[in-house]
Amino acid sequence: MIEKVQYNYIRFLYFNKHKSQREIAKEMGIHRATVKRAIKNPEQKYHMNVDRDKPVNGDFEKRIKHLLEYNSNQPKNQKLTKRRIYELICEEGYKGSYSSFTYQAREIEEKLGINSHSKC
Numbered sequence: 001m002i003e004k005v006q007y008n009y010i011r012f013l014y015f016n017k018h019k020s021q022r023e024i025a026k027e028m029g030i031h032r033a034t035v036k037r038a039i040k041n042p043e044q045k046y047h048m049n050v051d052r053d054k055p056v057n058g059d060f061e062k063r064i065k066h067l068l069e070y071n072s073n074q075p076k077n078q079k080l081t082k083r084r085i086y087e088l089i090c091e092e093g094y095k096g097s098y099s100s101f102t103y104q105a106r107e108i109e110e111k112l113g114i115n116s117h118s119k120c
């Protein structure tokens with residue numbers, strides 16, 4: 001994954017120094033598609049084009065939401081990590097992967113306005 005600083009530098013070279021995408025890619029030793037992506041999208045975020053069904057997460061969405069809300073109201077030293085929340089719902093029968101759980105957890109946190117700085 002290319003760092004945000006590099007994205008900004010690519011954009012600087014392209015817009016301010018008027019270098020071509022090919023020149024930038026060659027100078028930095030990265031793929032031209034990466035340069036193109038940095039120029040096109042100033043924010044370094046992954047965007048899904050199509051929302052997919054979440055058959056595994058669907059049954060546990062309310063439970064994950066409840067645990068995240070509960071966790072956000074706890075004092076800092078009593079908060080659960082996402083890994084621990086994942087382990088708890090696995091004990092309840094969740095069959096999904098950790099990455100699909102964290103993706104859904106981040107979506108729920110954004111909807112609820114919960115700013116999670118805890119390490120996963």
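Residue 21 in full-length UniProt numbering sits at position 21 of the sequence shown, and the numbers go up by one each step. For every residue, glycine included, the Cβ atom is placed at its ideal position computed from N, Cα and C. Being a predicted model, the structure only gives us computed values, none of them experimental.
First and last residue of the uninterrupted alpha helix (DSSP H) at PHE101: 98-112
LYS95 versus HIS31: straight-line alpha-carbon distance, rounded: 37 Å
7 Å CB neighbourhood of GLY58 in its chain, flanking five on each side removed: none
Distance, ASN73 Cα to MET28 Cα: 45 Å
Beta-carbon gap between ARG63 and GLU107 smaller than 9 Å: no
Proximity to ARG37 [Cα-Cα], best of TYR7, PHE60, GLN104: TYR7
Buried versus exposed, by CB contacts within 10 Å (16 or more), LEU112: exposed
Closest Cα partner of LEU68 within the set ALA105, THR34, TYR98, ASN41: The alpha carbon of LEU68 has as its nearest neighbour, out of ALA105, THR34, TYR98, ASN41, the alpha carbon of ALA105.
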